[in-house]
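Below, the structure is given as structure tokens:
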């Protein structure tokens, strides 16, 4: 009797496993952090959307818009480079490092996060010189709003794929 129940359970699990669609996480190709051209295009498109969304919500004049775009492009380029360095540092950490190696890696990660904080501070101070306080506030609100928009958009795409 136990053998029959075990056999039926194994068969049921096998059927359930093979019945799943081919886009399951286990069957997706492993990318190991290497971004293909499609991912780069998607990121560039989303960054352009972010910029337009933020500028649209900030209600900038033409002179403010030109000045803001200049510092925004500089800021985003600096942050992208910093985030790439941070991803590289985090990727280099492995489970088999010694405590000294962990400490060195964590110190480098902390230093990179401090650089990001400095870049944020510089960006804020530059915005203070060209924009009124209300428009700086609108920048932070619209940046957060775009993140929500992006999450909803991605969630909707996932739900459509599942159907």
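In the working numbering, the protein residues as written are 671 to 833. We treat Cβ as the ideally placed atom computed from N, Cα and C, and that holds for glycine. Remember, predicted model here, so these are calculated numbers, not experimental data.
inquiry  = Helix, strand or coil for residue 812? Go by DSSP, reduced to three states.
reply    = helix
key: Option in 830, 816, 828 with minimal Cα separation from residue 721   = 816
inquiry  = Out of 747, 770, 757, 737, which one is the CA nearest neighbour of residue 800?
reply    = 737
key: Distance, residue 749 Cα to residue 755 Cα   = 10 Å
message = If you reduce the DSSP assignment to three classes, tell me which class residue 802 lands in.
response = coil
ask   = CA-CA distance, residue 780 and residue 824?
value = 30 Å
task = From the DSSP output, in three-state form, read off residue 740 for me.
result = helix
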